[in-house]
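So for the sequence shown, the UniProt record's numbering puts the first residue at 1; every next one is plus one.
Even for Gly, the Cβ is constructed at its ideal location relative to N, Cα and C.
Here is the structure we will look at.
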Amino acid sequence: MGKVHKRYLDVSSCKVMACSNCRTHISTVDLIAFNGHHGRAFLFKSGVNLIFGDPEERSLMTGEHIVQAAFCTECETEIGWKYIRSPNESQKYKEGKIVLERNLLSEIESEESL
């Protein structure tokens with residue numbers, strides 16, 4: 001595989017969520033679709049500068065799901081996962097979305113890292 005080019009989110013009206021390890025941009029605050037019950041994870045509609053592992057079955061709080069681990073492209077830290085398939089109809093809204101661990105993200109102004 002060739003060199004992966006880092007993308008920067010240039011959004012002046014909102015904050016950027018970044019990898020807390022290397023501050024690589026991952027998503028914007030306005031793309032957060034869900035905040036977990038304890039505020040420990042966010043469900044994003046999309047993200048940038050992520051690479052994904054192979055699909056695997058994981059036992060999560062809402063049942064067995066097929067997910068892919070999500071890694072920061074810059075530092076390769078595992079920061080969450082992407083839902084591929086959910087077990088029942090009430091969980092289908094998660095499919096294709098990305099869960100990122102709150103303690104592995106930093107909230108920054110978009111101009112701050114340029």
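- Item | beta strand (DSSP E) runs wholly inside the UniProt domain "Yippee" (15 to 109), at least 3 long, in chain order | 15 to 19, 25 to 28, 32 to 35, 41 to 44, 50 to 52, 56 to 60, 63 to 72, 78 to 85, 98 to 101, 105 to 109
- Message: Here's the rule: buried if 16 or more other CB atoms are within 10 angstroms of the residue's CB, otherwise exposed. What is L114?
- Response: With a pLDDT of only 48 at L114, under the threshold of 50, the placement of this residue in the model should not be trusted, and no figure is reported.
- 6 Å Cβ shell around V16 - same chain, five flanking residues per side excluded: When the five nearest sequence neighbours on each side are left out, the beta carbons in the same chain lying within less than 6 Å of the beta carbon of V16 are those of L9, H25, T28, I108, S110, in order along the chain.
- Count the other CB atoms within 10 Å of the CB of Y93; is the residue buried (16 or more) or exposed (fewer)? Counting Cβ neighbours within 10 Å, Y93 comes out exposed, since fewer than 16 surround it.
- Query: Skipping 5 residues on each side, what residues in its chain have a beta carbon closer than 6 Å to that of L104?
  - Reply: S20, I79
- Message: Quick check on this structure: which residue in S86, T77, K82, A33 has the alpha carbon closest to the alpha carbon of D54?
- Response: K82 is the residue among S86, T77, K82, A33 whose C-alpha sits nearest the C-alpha of D54.
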